[in-house]
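One line per chain: the protein sequences are A and E, in this order.
Going by the numbering used here, the letters in the first sequence line up with residues 171 to 531, in that order.
Going by the numbering used here, the letters in the second sequence line up with residues 562 to 888, in that order.
Presented below is the structure to which this report refers.
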Amino acid sequence: MTSSSSSVSRPSSARRAVVLAVLAAAVPAAFLATLAWGSVSVPLDEVVAILRGQEPARGTWRAIVLDLRLPRATTAVLAGTAMALAGLAMQTLFRNALAEPYVLGVTSGAGLGVGLLLLPQGATTGVGASLLAGLAPLHGLGVVGAAALGAFAVLLVMLAIAGRVRNMVIVLVAGIMVGAFLGAVTNVLVFFARPEAVVAFTQWQFGSFEGVRAVQLPVLAAVVAAGALLLTLFVKQLNVSLLGERYAQSMGLSPRRVRIVAVAATALLSGAVTAYTGPIAFLGIAAPHLARGLLGTADHRLLIPGSALLGALTALVAGIFAQLPGTGLTLPLNAALALLGAPVVLHVLLRINRVGGGFHV
Amino acid sequence: MSDERLAATDLTVGYRRRAVLSGIDVTLRAGELACLIGANGIGKSTLMRTLARAQSPLTGRVELRGRPITDLSPRELAAELAIVLTDRVAAGQLLGYDLVALGRAPYTGWFGRLDDTDRRTIEWALDTTGSGHLAGRPVTELSDGERQRLMIARALVQQPSVLLLDEPTAFLDLAARLELVKLLLSLTHEHGLAVLMSTHDVEHLLRHADSVWLITPERELITGAPEELGLGGHLRRMLGDTAAFDPRTGTFAWDDGHAATARVTAPNECPADLLAWTVRAVERAGYRVGEQDPAVTVEVRASGGWRVGPRRLDSVQALVACLRDGG
């Protein structure tokens, strides 16, 4: 194969392996840092000792690391991985650089679910009170259940649309319309809600890795693993989808099946994460672009692990940043993600200069 | 017949309630380069989609190497028939080699891993299309012509016996068009592929195609060698009243039906190209070149320049201006 005439040096497979290896090492490092840093700093060797089941020098460290920070770090890894993979699936399916997990309207569904749960709270008269009475069964679900229910309902609607509509762009527009409609309903609820209820809802919208309890983690992990597995099983179809549905069909694949798998996986991944952490912005759109740029490939066999690692890493680092170690202050997670991530992503994209440039928007 | 690749019998193509073309009986043979021509919106793409099984026929059937196309599995079909579309393919960071490798999809396993046979086929296709030097480059950085070559290489690694191309020359410059025709001729005449391409590049293709599939304004499909269609007056009818086909030159030109005739004379030693380009200039000035009742006579002078009546003209611009003034 001759590529000598090309003036641009393309990443070799050796360089790609190095990039993946560095990322694979950086994720556990950031994970340990998450356990060590925060309002109280725990020395790294003590963190390792605690993880091994040994007694730390101070008794409180054990509770801080195991009960507080371990669930938070694990949530960050799962959420980062999930949002990155969901974003990758959407960008490939829609062949659009601006596509992200939330174009399907899943967050809006989850948001409405949570809104219906939280916003009528405290209302004693009028519509709010009757809504509150009517929604009594929702309270048994809690925030996570309500969000999951909303996300799942949107998933069903979007699957029905994706399976029926011929033009992929219509699916994209439909997702945005569903999101706009549900968002509007939520806004009406916010408008009529009592201030305390609005504060509670806004807290949820800021996003947080801290709300997930240890017992809930296996559920989140299982759903994220299922979504990731689904996408991994369809790497070949995703690769061929880069050429568009007409070519995919001419090469013996079923574009309809790819659509349904990608939509289902994305809704599972982003729906589960949103239910547990609130909407996580930014990661879904940024991680796949970074992976493409750093690995110099469009091959999903590399992009899936690459995006997953970058997503997990970004989420962990943003989580540490949100804690503002040494200050005792915390930032809202979504603000931390964008404050920290946007300049980094911009820098990398401008340096590589070609990332995503090939997408036909 | 053994060299029959794609055959349509009593085919009607169209959409749910609207037949676009009907009564199609047509055959594409191994080693044949066929060109599908006709006005925009007349049904060229619908016909090609139906032949490629991307759309069901309303009536009739399509056979691929003697088997009804509906009997083939998606993989079997992809291994027999490949398509090249005008859809712009531009995925971020997709490299030339990887693009071509996607064509192996009907042959590779669940995860799309390439084995030695796959790699050899990809090398062969890159070689055949002269695009080996594009393998390491991102497709987003390539010209339309280069990308077209890779898309054809991608089609070739499917190892099809039939290749359908939808307006492959649409975005190409002149040099790239000539290169494409050369490539398609080598694929048909040397490698035995059956190729059908739709095109608006009629004048050019008439010189090279083995057969022409012409859709008339009355939505009738007429097939034959380009020369047969030219002599039979079918090409003349193709564009209706918009333009006239000149059966002598194989070219199309406007014809308002009122053009005056100009007679062009030249001394015997006049070079053929000078005479030919003089004729073009006269036609550009709005005349029909002929012998009957000439309104004006243009004489190519042995000493250089032209003479129209009493006037001597030294440049083509002057000649055309003079003729436009009515000689």
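Virtual Cβ for every residue (Gly too), placed ideally from N, Cα, C.
Nearest-angstrom Cα separation, counted from C831 (chain E) out to L874 (chain E): Walking along the second sequence from the start, residue 874 (chain E) turns up at place 313. Walking along the second sequence from the start, residue 831 (chain E) turns up at place 270. Each residue's Cα considered, the two are about 17 Å apart.
Establish whether the CB of D659 (chain E) and some CB of chain A are separated by less than 9 Å. Within the second sequence, the letter at position 98 stands for residue 659 (chain E). Chain A, which has a Cβ nearer than 9 Å to the Cβ of D659 (chain E), makes this yes.
Got a sec, what are the start and stop residues for the alpha helix (DSSP H) C883 (chain E) sits in? On the second sequence, residue 883 (chain E) is found 322 positions in, with the first residue counted as 1. Segment 877–885, the alpha helix (DSSP H) holding C883 (chain E).
Since L501 (chain A) is in the beta strand (DSSP E), which residue starts that stretch and which ends it? Walking along the first sequence from the start, residue 501 (chain A) turns up at place 331. Looking at the DSSP string, L501 (chain A) is not in any beta strand (DSSP E), and its letter there is neither H nor E.
Test item: CB-CB of V431 (chain A) and M421 (chain A) under 9 Å: One-based indexing of the first sequence puts residue 431 (chain A) at position 261. One-based indexing of the first sequence puts residue 421 (chain A) at position 251. Cβ distance not < 9 Å, so V431 (chain A) and M421 (chain A) don't count as in contact.
On a Cα-Cα basis, can you pick out the residue from A:A488, A:N504, A:L509, A:D469 that is closest to A259 (chain A)? Residue numbering aside, residue 259 (chain A) sits at position 89 when the first sequence is read from its first letter. The option with the nearest alpha carbon to A259 (chain A) is A:D469.
Residues within the segment 386–405 of chain A neighbouring chain C, beta-carbon criterion of under 8 Å: This model lacks chain C altogether, as its protein chains are A and E.
Nearest to N357 (chain A) by alpha carbon, out of A:S278, A:S440, A:D215? As a working note, residue 357 (chain A) is residue 187 in the first sequence. Nearest C-alpha to N357 (chain A): A:S278.
Would you mind sorting S477 (chain A) into buried or exposed? The rule is 16 or more other CB atoms within 10 Å of its CB. On the first sequence, residue 477 (chain A) is found 307 positions in, with the first residue counted as 1. Looking at its Cβ environment, which holds 16 or more other Cβ atoms inside 10 Å, S477 (chain A) is buried.
Assign F672 (chain E) to one of two classes, buried (16 or more other C-beta atoms within 10 Å of its C-beta) or exposed (fewer than that). As a first step, residue 672 (chain E) is located in the second sequence; it is residue number 111 there, counting from the start. It counts as exposed.
Closest by C-alpha distance to E641 (chain E), when choosing among E:D648, E:E565, E:Q709: Within the second sequence, the letter at position 80 stands for residue 641 (chain E). When each option's Cα is compared against that of E641 (chain E), the closest is E:E565.
Near V178 (chain A), what residues of its chain come up, given a Cβ to Cβ distance below 7 Å and the 5 sequence neighbours on each side ignored? As a position in the first sequence, residue 178 (chain A) is number 8, starting the count at 1. Unreliable positioning characterises V178 (chain A) in this predicted model, as indicated by a pLDDT of 40, which lies under 50. A coordinate reading is not provided.
Quick check: is the beta carbon of N409 (chain A) nearer than 9 Å to any beta carbon in chain E? Counting from 1 along the first sequence, the entry for residue 409 (chain A) is found at position 239. Yes, N409 (chain A) lies at the interface with chain E (some Cβ there is under 9 Å from its Cβ).
Contact between the segment 343–356 of chain A and the segment 453–463 of chain A: three or more CB pairs below 8 Å? Too few Cβ pairs lie closer than 8 Å, so no.
Contacts of A613 (chain E) in chain A (Cβ-Cβ under 7 Å): The sequence position of residue 613 (chain E) within the second sequence is 52, counting from 1. Near A613 (chain E) (Cβ distances below 7 Å), the residues of chain A are S420.
Inter-residue spacing [alpha-carbon to alpha-carbon] between P449 (chain A) and V343 (chain A): To locate residue 449 (chain A), count along the first sequence from 1; it is residue 279. To locate residue 343 (chain A), count along the first sequence from 1; it is residue 173. P449 (chain A) and V343 (chain A): Cα-Cα distance of roughly 20 Å.
To the nearest angstrom, report how far apart A613 (chain E) and G333 (chain A) are at their CA atoms. As a first step, residue 613 (chain E) is located in the second sequence; it is residue number 52 there, counting from the start. As a first step, residue 333 (chain A) is located in the first sequence; it is residue number 163 there, counting from the start. A613 (chain E) and G333 (chain A): Cα-Cα distance of roughly 22 Å.
Nearest-angstrom Cβ-Cβ length linking V247 (chain A) and A482 (chain A), presumed shorter than 8 Å: Numbered from 1 along the first sequence, position 77 holds the residue referred to as residue 247 (chain A). Numbered from 1 along the first sequence, position 312 holds the residue referred to as residue 482 (chain A). Confirmed, Cβ separation roughly 5 Å.
Rounded Cβ spacing between A396 (chain A) and L438 (chain A) (contact assumed at less than 8 Å): For the purposes of this step, residue 396 (chain A) is taken as the residue at position 226 of the first sequence. For the purposes of this step, residue 438 (chain A) is taken as the residue at position 268 of the first sequence. Yes, A396 (chain A) and L438 (chain A) are in contact; Cβ-Cβ is about 6 Å, under 8 Å.
Does the count of Cβ pairs from the segment 646–656 of chain E and the segment 616–636 of chain E closer than 8 Å reach three? no
A122 (chain A) versus L757 (chain E): straight-line alpha-carbon distance, rounded: Outside the displayed span of chain A (171 to 531) sits residue 122 (chain A), for which this structure offers no information.
Using C-beta distances below 6 Å, list every residue in its chain close to R232 (chain A), excluding the 5 sequence neighbours before and after it, in chain order. Taking the first residue of the first sequence as position 1, residue 232 (chain A) is located at position 62. Only I220, P226 meet the Cβ criterion.
Beta-ladder partner(s) of V487 (chain A), from DSSP: Here the question's residue 487 (chain A) lines up with position 317 in the first sequence. BP columns for V487 (chain A) are empty, so no partner.
So which of A:S424, A:R429, A:V355, A:L287 has the shortest CA-CA distance to V339 (chain A)? Working through the first sequence from its first residue, we reach residue 339 (chain A) at position 169. Answer by Cα proximity: A:R429.
Which of the three DSSP states is assigned to D237 (chain A) in this structure? Within the first sequence, the letter at position 67 stands for residue 237 (chain A). In this structure, D237 (chain A) counts as helix in the three-state DSSP scheme.
From A:L400, A:L408, A:A456, A:L268, residue whose alpha carbon lies closest to that of L516 (chain A): Translated into the one-based positions of the first sequence, residue 516 (chain A) becomes position 346. Of A:L400, A:L408, A:A456, A:L268, the residue nearest in Cα terms is A:A456.
For a test of the three-state rule: what should DSSP assign to S759 (chain E), helix, strand or coil? Translated into positions along the second sequence, residue 759 (chain E) becomes position 198. S759 (chain E) falls in the strand class under three-state DSSP.
Does the beta carbon of L190 (chain A) sit closer than 9 Å to a beta carbon anywhere in chain E? What you label residue 190 (chain A) is simply residue 20 of the first sequence in a count that begins at 1. Cβ-Cβ to chain E under 9 Å: no for L190 (chain A).
Which residues in chain E sit within 8 Å of R265 (chain A), going by Cβ to Cβ distance? By one-based count along the first sequence, residue 265 (chain A) stands at place 95. Correct list: A652.
Applying the criterion that 16 or more other CB atoms from any shown protein chain within 10 Å of the CB defines a buried residue, is N504 (chain A) buried or exposed? To locate residue 504 (chain A), count along the first sequence from 1; it is residue 334. Buried, since its Cβ has 16 or more Cβ neighbours within 10 Å.
Residue from A:L286, A:V335, A:V324 whose Cα sits closest to the Cα of V368 (chain A): For the purposes of this step, residue 368 (chain A) is taken as the residue at position 198 of the first sequence. Closest by C-alpha distance to V368 (chain A), out of A:L286, A:V335, A:V324, is A:L286.
Within chain A, partners of Q719 (chain E) - CB distance below 9 Å: The residue given as residue 719 (chain E) occupies position 158 in the second sequence. Under the 9 Å cutoff, chain A gives S420, M421, G422.
Within-9 Å CB hit, S634 (chain E) to chain A: Along the second sequence, one-based indexing puts residue 634 (chain E) at 73. At a cut-off of 9 Å between beta-carbon atoms, S634 (chain E) makes contact with chain A.
DSSP three-state label for S692 (chain E), please. Reading the second sequence from its first residue, position 131 is the one you call residue 692 (chain E). Three-state DSSP puts S692 (chain E) in coil, outside helix and strand.
Once DSSP output is grouped into helix, strand and coil, what is the label at E830 (chain E)? As a first step, residue 830 (chain E) must be located in the second sequence, where it is residue number 269. In the structure shown, E830 (chain E) sits in coil (DSSP, three-state: anything other than H, G, I, E or B).
Throw me the rounded Cβ distance for the T690 (chain E) and D679 (chain E) pair, which I believe falls under 8 Å. Residue 690 (chain E) sits at position 129 when you count from the first residue of the second sequence. Residue 679 (chain E) sits at position 118 when you count from the first residue of the second sequence. 17 Å between Cβ atoms; not a contact.
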